[in-house]
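Have a look at the structure below before the remarks.
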Amino acid sequence: MDNRFDLESILGSLNPEKLRDLVKHLMKNNSDVRHLTLEWYRKMHEISDGSLPDESPYHVDDELLMEYWSYASCIISEFNEYGGGDEEEEDEAYGWLNKISDLIEEGNISHDTKIAFMEEAFVEYDKYNSGYEDSLAEIFFELCQTDEEWRYLVTKLRRCPSDWRNKLVMDILRDNLQDDTAYLEIRLKKLEYGNDYWELASFYAERGNMDKAIETAEMGLVEGKGRLTELFVFLFEHYAQKEDIPNAERIVHRALELKHDEKIMLDNLFKYYLSQGNYQKARDALLKSFTYAGRSEEYKEYQRIKTYLKNDDWSEVEPELFSSLRDRNMLAYLRICMDKGMKEEVVSKLLAMPRAPDRWDYLNDFDKLALELKAEYPKEIIEYYWKKAYCNVPGGTRKTYRIAEGYLEIVRDIYVEILQDRPAWDNRFNSLKAEFKSRPAFLDEVKGL
3 MDNRFDLESI
13 LGSLNPEKLR
23 DLVKHLMKNN
33 SDVRHLTLEW
43 YRKMHEISDG
53 SLPDESPYHV
63 DDELLMEYWS
73 YASCIISEFN
83 EYGGGDEEEE
93 DEAYGWLNKI
103 SDLIEEGNIS
113 HDTKIAFMEE
123 AFVEYDKYNS
133 GYEDSLAEIF
143 FELCQTDEEW
153 RYLVTKLRRC
163 PSDWRNKLVM
173 DILRDNLQDD
183 TAYLEIRLKK
193 LEYGNDYWEL
203 ASFYAERGNM
213 DKAIETAEMG
223 LVEGKGRLTE
233 LFVFLFEHYA
243 QKEDIPNAER
253 IVHRALELKH
263 DEKIMLDNLF
273 KYYLSQGNYQ
283 KARDALLKSF
293 TYAGRSEEYK
303 EYQRIKTYLK
313 NDDWSEVEPE
323 LFSSLRDRNM
333 LAYLRICMDK
343 GMKEEVVSKL
353 LAMPRAPDRW
363 DYLNDFDKLA
373 LELKAEYPKE
383 IIEYYWKKAY
393 CNVPGGTRKT
403 YRIAEGYLEI
413 VRDIYVEILQ
423 DRPAWDNRFN
433 SLKAEFKSRP
443 AFLDEVKGL
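Structure, rendered in C-alpha cells:
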C-alpha cells in the first residue's frame with residue numbers, strides 16, 4: 003500500500019480562500035515568491051482565453067518592474083556604500099537590471115510607474131559610486147517615450163551637473179525633444195575638445211545648415227583639444243565632394259602641421275586623386291602616407307605601393323623603401339625578402355637575432371617565418387628553435403618550460419620527419435635533460451617528447 007503524502011491532491015482540494023492563505027504564507031516567508039507569482043500570472047494572462055481577470059488597475063508589468071528594482075537596488079546601494087562588491091552579487095544585480103530592460107521592451111509600463119522608478123533609481127544613480135551608472139542611464143533612456151518623460155529625465159540629470167550628465171542632457175534635447183534652442187544654449191557654452199566641435203558641427207549638418215557646420219568644424223581644428231579625426235574627415239570629404247582641391251589639400255596639410263591623423267588624411271587624399279585619375283598626385287600622396295605607417299602596417303603598405311605604381315616609378319623608389327625597412331622594421335624587411343626569394347638572408351637574420359625568454363608569446367611572427375624555411379634549411383632552423391627553447395629554461399617557470407617544450411617539439415619533428423635522424427634528436431635531447439636534471443618541473447613538462 004502506497005502511504006506517500008500526495009501534495010498535489012491536497013493542493014487540488016483547497017478552496018480559493020485557502021489557496022490565497024497559502025500564497026500569502028509563502029510570500030511572507032520567502033521574498034522570491036512575490037515576483038515568481040507575478041511572473042506566473044503574467045505568463046498565464048498572455049495565454050489565457052479571457053477566463054483570468056484583467057490586472058487593471060494593477061498592471062502586472064508595473065509591479066514586476068518595481069519588484070525587480072527592489073532586488074537590484076539592495077545590491078547597488080551596498081556597492082555605492084563600499085565602492086564595489088562581490089562578483090556574484092554584481093552579476094546578480096545586472097541580471098535584475100536586464101529583467102527590467104526586457105520588461106521595458108515589451109512597452110507595457112505605465113507613465114506613473116516610469117516616474118516612480120526613476121525617482122527611486124536616481125537615489126542610487128546620484129551617489130555615483132556603484133559602477134552601475136551606465137546601465138542605469140541606459141534603462142532611463144529605454145524607459146522614456148513621451149516629451150513629459152524626457153523632460154522629467156532632463157530635470158533629474160541636471161540636479162547634479164557634470165560633463166557626462168551635460169552630454170546626456172544635450173543628447174536628449176537634440177535627438178529626443180528636438181529642442182534646438184535649449185541644446186545650443188548648453189552646447190555653445192562647452193566647446194573645448196575636438197569632439198565638442200564635432201558634435202556641434204554634426205548638429206548643424208543634420209539641420210541642413212552646412213555653412214555653420216563647416217564654420218564650426220574649421221574652428222574646431224584651431225581651438226579644439228584632443229581628438230580631431232572626425233573634423234578632419236568631415237571637412238576633407240566636404241571639400242572633395244565640391245571638388246574644391248585647394249581647401250581639401252589645405253585640410254591635409256593642417257593635419258600634417260598638427261601631427262594629427264596624418265596617415266588617415268593622406269590616404270583620403272590618395273583615394274581622391276585616384277578617383278580623379280591624377281596618377282602623379284596620387285603617387286606622391288601614397289608615398290608620403292608610407293612614412294606615417296605603423297610598424298604593423300608597413301609590409302601591407304609596401305605591397306600597396308608596389309601594386310599602384312608604374313613599373314618605372316616602382317623601380318626608382320623600391321630600393322629606398324626596402325632599405326628603410328631593413329633599418330627600422332626587421333619583420334617587414336624579412337617578409338619582403340621572402341617575397342623576393344632572398345631566403346638565405348632571412349635565415350641569416352633569424353639566426354643572428356638576440357634571444358630572450360618568451361614569457362608572453364609563443365610562435366611569434368619571426369617563429370612563423372622560420373617554419374616556412376624548415377624544409378629547405380632544416381639544420382639552420384633547428385638551431386633557431388633550439389636557441390628559442392634553451393633560453394626559456396635557465397631561471398624559468400612552468401610557463402616558460404611549456405614554451406620551451408613547444409619549440410623543442412618543432413626541433414624534434416625536423417630531426418625525425420625532415421632529416422630522418424631520430425638518433426641525433428635523442429642524443430641532443432638527452433644531453434639537454436642531463437644539463438637540467440636539477441629542474442624536475444622542466445623535466446616533467448618535456449616528458450612527452
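If you count by my numbering, then the sequence shown holds residues 3 to 451, one letter each, in order. Ideal Cβ placement from N, Cα and C applies to all residues, glycine included.
- With contact defined as three or more Cβ pairs closer than 8 Å, the region 94-107 and the region 153-165 are not in contact.
- In this structure, DSSP gives Y386 a helical state, which the three-state scheme calls helix.
- A direct Cα-to-Cα measurement between E122 and A139 gives close to 13 Å.
- For D181, there is no enclosing alpha helix (DSSP H), since its DSSP letter is neither H nor E.
- Restricting attention to alpha helix (DSSP H) runs no shorter than 4 residues, the region 251-331 encloses them at 264-278, 281-292, 300-310, 313-330, ordered along the chain.
- The DSSP assignment places 135-145, 149-160, 165-173, 182-189 as complete runs of the alpha helix (DSSP H) inside the region 135-204, in order along the chain (cut-off: 4 residues).
- Counting along the chain, the unbroken alpha helix (DSSP H) around V348 starts and ends at 345-354.
- If you check the CB distance, E382 and L353 come in under 8 Å.
- With contact defined as three or more Cβ pairs closer than 8 Å, the region 392-404 and the region 416-426 are not in contact.
- In terms of Cα proximity to M332, the closest of K389, E300, I412, W316 is E300.
- K227 carries a strand assignment under DSSP once its states are collapsed to helix, strand and coil.
- With a cut-off of 8 Å on Cβ pairs, the region 214-225 is not in contact with the region 178-191, counting fewer than three such pairs.
- In the displayed model, F119 falls within a helix according to three-state DSSP.
- Boundaries of the alpha helix (DSSP H) around L410: 400-415.
- Measuring C-alpha to C-alpha distances from D415 to each of S137, L170, F431, K265 identifies F431 as the nearest.
- Contact between K265 and S291 holds, with the beta-carbon distance rounding to 6 Å and staying under 8 Å.
- Note on D263: 16 or more other CB atoms within 10 angstroms of its CB, so buried under the neighbour-count rule.
- Taking a 10 Å sphere around the C-beta of N394, we find 16 or more other C-beta atoms and assign the residue as buried.
- Going by beta carbons, V349 and E407 fall outside the 8 Å limit.
- V413 is the residue among F438, V413, S440 whose C-alpha sits nearest the C-alpha of D428.
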